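Asks: Sequential numbering from 377 applies to the sequence shown in my numbering. A virtual CB, placed ideally from N, CA and C, is assigned to each residue, including glycine. Keep in mind the model is a prediction, meaning the values are calculated, not measured. Next up is a structure, given as structure tokens.
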Amino acid sequence: MRLAGDSKISPGTRRTRHPARRFISALAALPLLLLLLPAVVTGRAIPARMPGERHGLRFATPANVWDEALPLGNGIMGALVWGDGRPVRISLDRADLWDLQPVPEFSSPEYRFRIMREWHLQGRTADLIRLYEAPYRRPAPTKIPAGRIELTLAGAEFLDTSLTLADATAFMRFKDGTQLRAIVHAGSTVGMVSVRTRNPIAAELLAPPFAGRVDDPARGSIDTGDLAQLGYPPPERSAGPSFRAFAQQGYGGFRFAVYLGWRQRDRSWQAAWSIASSFEGSEPLKIARGRVEAALAAGFDAMARSHARWWRDYWRKSSVRLPNPILERQWFLETYKFGSAARRGAPPISLQAVWTADNGKLPPWKGDYHHDLNTQLSYWPCYAGNHLEGGLGYLDYLWNTREAASAWTKRFFELPGLNVPMTADLNGNQIGGWRQYTHSATTAAWLAQHFYLHWKYSADRAFLKERAYPYLKDAAVFLEAFTAARGPDGVRTFPLSASPEINDNRPEAWFLTPTNYDLALSRWLFAAAAELAGELGLPDDSQRWQRVLSELPPLALGEDGRLLVAQAYPLPASHRHFSHLMAIHPLGLLDL
Numbered sequence: 377m378r379l380a381g382d383s384k385i386s387p388g389t390r391r392t393r394h395p396a397r398r399f400i401s402a403l404a405a406l407p408l409l410l411l412l413l414p415a416v417v418t419g420r421a422i423p424a425r426m427p428g429e430r431h432g433l434r435f436a437t438p439a440n441v442w443d444e445a446l447p448l449g450n451g452i453m454g455a456l457v458w459g460d461g462r463p464v465r466i467s468l469d470r471a472d473l474w475d476l477q478p479v480p481e482f483s484s485p486e487y488r489f490r491i492m493r494e495w496h497l498q499g500r501t502a503d504l505i506r507l508y509e510a511p512y513r514r515p516a517p518t519k520i521p522a523g524r525i526e527l528t529l530a531g532a533e534f535l536d537t538s539l540t541l542a543d544a545t546a547f548m549r550f551k552d553g554t555q556l557r558a559i560v561h562a563g564s565t566v567g568m569v570s571v572r573t574r575n576p577i578a579a580e581l582l583a584p585p586f587a588g589r590v591d592d593p594a595r596g597s598i599d600t601g602d603l604a605q606l607g608y609p610p611p612e613r614s615a616g617p618s619f620r621a622f623a624q625q626g627y628g629g630f631r632f633a634v635y636l637g638w639r640q641r642d643r644s645w646q647a648a649w650s651i652a653s654s655f656e657g658s659e660p661l662k663i664a665r666g667r668v669e670a671a672l673a674a675g676f677d678a679m680a681r682s683h684a685r686w687w688r689d690y691w692r693k694s695s696v697r698l699p700n701p702i703l704e705r706q707w708f709l710e711t712y713k714f715g716s717a718a719r720r721g722a723p724p725i726s727l728q729a730v731w732t733a734d735n736g737k738l739p740p741w742k743g744d745y746h747h748d749l750n751t752q753l754s755y756w757p758c759y760a761g762n763h764l765e766g767g768l769g770y771l772d773y774l775w776n777t778r779e780a781a782s783a784w785t786k787r788f789f790e791l792p793g794l795n796v797p798m799t800a801d802l803n804g805n806q807i808g809g810w811r812q813y814t815h816s817a818t819t820a821a822w823l824a825q826h827f828y829l830h831w832k833y834s835a836d837r838a839f840l841k842e843r844a845y846p847y848l849k850d851a852a853v854f855l856e857a858f859t860a861a862r863g864p865d866g867v868r869t870f871p872l873s874a875s876p877e878i879n880d881n882r883p884e885a886w887f888l889t890p891t892n893y894d895l896a897l898s899r900w901l902f903a904a905a906a907e908l909a910g911e912l913g914l915p916d917d918s919q920r921w922q923r924v925l926s927e928l929p930p931l932a933l934g935e936d937g938r939l940l941v942a943q944a945y946p947l948p949a950s951h952r953h954f955s956h957l958m959a960i961h962p963l964g965l966l967d968l
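What follows is the structure, given as structure tokens:
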């Protein structure tokens with residue numbers, strides 16, 4: 377048996393891909409299906425349906441790359457189960473593992489919206505890219521992975537692998553009768569695996585390759601290069617007859633630790649692992665070890681029973697019955713992913729959630745928080761799906777980072793109120809990227825809709841008074857100031873406007889007349905703020921927001937009545953972002 381960290385995780389073992397298995401790589405935004413399905417069934421009249429075997433995943437060929445793995449998670453900790461038994465790989469992740477290096481350019485005197493606009497009008501594109509976009513191509517700040525467990529099963533010949541959604545359990549079977557089960561416990565920060573076999577098992581715990589030589593430097597948002605670019609010291613490894621562990625130093629005093637322990641119990645080999653960070657305490661290794669020892673003492677079967685109870689309660693909150701079995705199965709798969717990735721008390725869903733890429737590289741797009749579509753769509757399922765508690769993890773994050781966002785708004789825009797960086801790290805700080813969108817003026821307006829939706833679905837008046845209206849009001853104060861200038865027609869206008877991600881990051885991505893994306897969000901925000909103020913008995917506030925709404929221009933329409941990107945600018949081609957149609961959905965300003 378090899379000692380912890382004897383090997384580095386490398387990008388190797390990339391064999392034949394199976395396109396139908398790409399369950400993880402679409403996670404950047406959970407599909408619209410979860411919001412659009414109208415037939416969510418709850419209540420006593422029609423009992424909710426548990427997902428069946430046909431709703432889960434089953435494959436007769438092994439997954440050979442991380443993004444074809446079976447995903448397990450509990451919001452704070454995630455795992456990807458893949459491989460063919462020689463070895464079985466369990467990729468590890470924890471949501472708060474981040475390198476939070478600051479971006480020095482964003483503290484410079486020239487980092488101001490008014491200067492950004494001047495440079496754009498002067499054609500200083502190179503300077504704009506230098507200040508706003510080049511920092512995003514550096515290795516940090518970034519989400520970071522937690523490592524990998526490898527279990528080599530002697531004599532293993534792969535038979536099949538499956539994921540059951542009802543109890544969130546991954547299975548792997550082998551031709552000699554060996555069976556593996558794995559869970560990430562729904563209520564504890566621990567994962568477990570049980571293997572029934574007569575053959576020996578060799579266990580390894582591999583630390584991410586943060587130290588050592590850089591063979592592949594960063595080149596862009598997707599091809600991010602080696603983890604070794606972060607330049608961390610080697611992990612502190614420890615090992616014994618029944619455990620492997622390491623502690624890793626990160627940036628600025630941040631530390632995390634992974635502990636893997638195992639024992640033979642009855643006729644099965646059982647292992648447990650946990651990941652702890654210095655956000656939890658000064659001794660993360662001790663914290664992780666305590667969790668593992670408690671789980672092993674309880675045993676896999678007992679832990680699996682309490683885990684299954686949590687998921688049984690989760691599935692009872694909503695279900696669907698559809699005549700199309702493919703759509704019905706997809707609803708269950710996406711609802712499973714939401715339950716695995718979204719929890720109150722954990723960080724919100726990032727680009728890869730709790731399944732950070734396991735290929736020895738930095739995660740694509742830094743694994744960050746993208747607020748121009750990704751985080752918003754990821755949480756749509758919680759409303760009609762009756763999972764408001766999961767959505768509160770997102771709202772808590774936005775609420776708890778609003779001071780950082782307000783300070784950024786004051787520093788960069790030099791205006792009162794609240795806006796939010798479109799690309800953000802764990803603490804809500806701006807980390808850069810394409811300038812037209814990362815520094816959008818309407819990001820907070822879209823995020824505010826989630827506070828509004830929680831109020832509408834929960835009817836929680838305390839939430840309305842203490843969180844929903846204050847958040848919408850602060851966002852409205854900002855947009856009221858940002859749109860104070862008047863155009864030639866006497867109505868409010870935007871100093872610069874954009875529509876994600878039309879024209880990419882070219883100068884033409886900025887418009888000097890308001891885009892329908894910015895207009896729809898602004899019009900929705902002022903109308904919603906007026907509505908909530910009225911609900912709270914604040915007539916002066918309500919009239920204020922109604923007045924600002926009346927001073928905004930109408931949506932830009934073509935001669936045939938279609939929604940344009942901006943005035944006299946129709947959508948030139950099909951696009952990954954239908955941001956010009958925000959007024960139809962999700963804002964509901966227009967009916968079809």
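Which residue or residues does DSSP assign as beta-bridge partners of LYS737?
Replies: Working through the sequence shown from its first residue, we reach residue 737 at position 361. According to DSSP, which records beta bridges pairwise, LYS737 is partnered with ASP602.
Asks: Nearest by alpha-carbon distance to LEU875: which of GLY866, VAL668, PHE887, LEU901 is it?
Replies: Position 499 of the sequence shown, counted from the start, is the residue given in the question as residue 875. It is Ser, not Leu, that sits at residue 875 in the sequence shown. Ranking the options by Cα distance to SER875, first place goes to PHE887.
Asks: Nearest to GLU612 by alpha carbon, out of LEU581, LEU556, ARG688?
Replies: Looking up residue 612 in the sequence shown gives position 236. When each option's Cα is compared against that of GLU612, the closest is LEU581.
Asks: Can you have a look at SER716 and say buried or exposed, based on whether 16 or more other CB atoms are within 10 angstroms of its CB?
Replies: For the purposes of this step, residue 716 is taken as the residue at position 340 of the sequence shown. Buried, because 16 or more other Cβ atoms sit within 10 Å of the Cβ of SER716.
Asks: Just verifying my parser: in three-state terms, what is the DSSP assignment at GLN332?
Replies: The structure shown does not extend to residue 332, since the chain spans only 377 to 968, so no value can be given for it.
Asks: In chain order, what residues of the same chain lie with their CB nearer than 8 Å to the CB of ALA733, ignoring the 5 residues before and after it?
Replies: As a first step, residue 733 is located in the sequence shown; it is residue number 357 there, counting from the start. Here the set comprises TRP442, ASP443, PRO521, PRO739, PRO740, GLY743.
Asks: Could you check the C-alpha separation between PRO930 and PHE827 for me, to the nearest Å?
Replies: Within the sequence shown, residue 930 is the residue found at index 554, counting from 1. Within the sequence shown, residue 827 is the residue found at index 451, counting from 1. If you take the alpha carbons of PRO930 and PHE827, they lie about 25 Å apart.
Asks: Have a look at PHE854 and GLU481 and give me their C-alpha separation to the nearest angstrom.
Replies: Within the sequence shown, the letter at position 478 stands for residue 854. Within the sequence shown, the letter at position 105 stands for residue 481. The alpha-carbon atoms of PHE854 and GLU481 are separated by roughly 24 Å.
Asks: Tell me the rounded alpha-carbon separation between PRO797 and ALA852.
Replies: If you number the sequence shown from 1, residue 797 lands on position 421. If you number the sequence shown from 1, residue 852 lands on position 476. Going from the Cα of PRO797 to the Cα of ALA852 covers about 16 Å.
Asks: On a CA-only basis, which of ARG514, LEU448, SER834 is nearest GLY809? Give me that one, please.
Replies: Within the sequence shown, the letter at position 433 stands for residue 809. When only C-alpha atoms are compared, the closest one is ARG514.
Asks: Would you please state the rounded distance, in angstroms, between the beta carbons of ALA896 and TRP921? I believe it to be under 8 Å.
Replies: By 1-based counting over the sequence shown, the position of residue 896 is 520. By 1-based counting over the sequence shown, the position of residue 921 is 545. ALA896 to TRP921, Cβ: 16 Å. No contact.
Asks: Kindly indicate the opening and closing residues of the beta strand (DSSP E) around VAL546.
Replies: Indexing the sequence shown from 1 puts residue 546 at position 170. The sequence shown places Ala at residue 546, not Val. ALA546 -> beta strand (DSSP E) spans 545-550.
Asks: Residue ranges of each alpha helix (DSSP H) run of no fewer than 4 residues wholly in the region 735-772, ordered along the chain?
Replies: If we require 4 residues or more, the alpha helix (DSSP H) runs fully inside the region 735-772 come out as 750-755, 757-760.
Asks: What span of residues does the beta strand (DSSP E) with LEU582 cover, start to end?
Replies: Taking the first residue of the sequence shown as 1, we reach residue 582 at position 206. Note, LEU582: beta strand (DSSP E), 577-582.
Asks: From the DSSP secondary-structure annotation, give me the bridge partner or partners of PRO447.
Replies: Locating residue 447 in the sequence shown gives position 71, counting from the first residue. BP columns for PRO447 point to LEU456.
Asks: Check the DSSP bridge columns for MET568 and list the partner residues they point to.
Replies: Position 192 of the sequence shown, counted from the start, is the residue given in the question as residue 568. BP columns for MET568 point to ILE559, ALA648.
Asks: Using DSSP's beta-bridge definition, name the partner residues of ARG465.
Replies: Within the sequence shown, residue 465 is the residue found at index 89, counting from 1. Its beta-bridge partners are TRP458, GLU526.
Asks: Looking at the unbroken alpha helix (DSSP H) that takes in THR501, where does it start and where does it end?
Replies: Within the sequence shown, numbered from 1, the residue matching residue 501 stands at position 125. Per DSSP, THR501 belongs to the alpha helix (DSSP H) from 501-504.
Asks: Any idea if GLN812 is buried or exposed, counting beta-carbon neighbours within 10 angstroms, 16 or more meaning buried?
Replies: Residue numbering aside, residue 812 sits at position 436 when the sequence shown is read from its first letter. By the neighbour-count rule (16 or more Cβ atoms within 10 Å), GLN812 is buried.
Asks: Which one of GLU704, PRO724, GLY459, ALA445 has the shortest CA to CA distance from LYS519?
Replies: As a first step, residue 519 is located in the sequence shown; it is residue number 143 there, counting from the start. LYS519 has its Cα closest to that of PRO724, out of GLU704, PRO724, GLY459, ALA445.
Asks: Helix, strand or coil: how does DSSP classify LYS519 here?
Replies: In the sequence shown, residue 519 corresponds to position 143, counting from 1. In this structure, LYS519 counts as strand in the three-state DSSP scheme.
Asks: Looking only at its own chain, which residues have a Cβ that is under 7 Å from the Cβ of GLY531, when we skip the five neighbours before and after it?
Replies: For this step, residue 531 is matched to residue 155 along the sequence shown. Answer for GLY531: ASP552, ASN575, listed in chain order.
Asks: Could you check if ALA932 is buried or exposed, using at least 16 other CB atoms within 10 Å of its CB as the buried criterion?
Replies: The count along the sequence shown starts at 1 and reaches residue 932 at position 556. When all chains shown are included, ALA932 counts as buried.
Asks: Would you kindly check if the distance between the Cβ of LEU476 and the Cβ of SER467 is under 7 Å?
Replies: On the sequence shown, position 91 is the one that residue 467 refers to. On the sequence shown, position 100 is the one that residue 476 refers to. No, the Cβ-Cβ distance between SER467 and LEU476 is not below 7 Å.
Asks: Can you round the beta-carbon distance between ASP543 and TRP687 to whole angstroms, since I take them to be within the 8 Å contact cut?
Replies: Here residue 543 is taken as the residue at index 167 of the sequence shown, counted from 1. Here residue 687 is taken as the residue at index 311 of the sequence shown, counted from 1. Contact flag correct, Cβ pair sits at about 5 Å.
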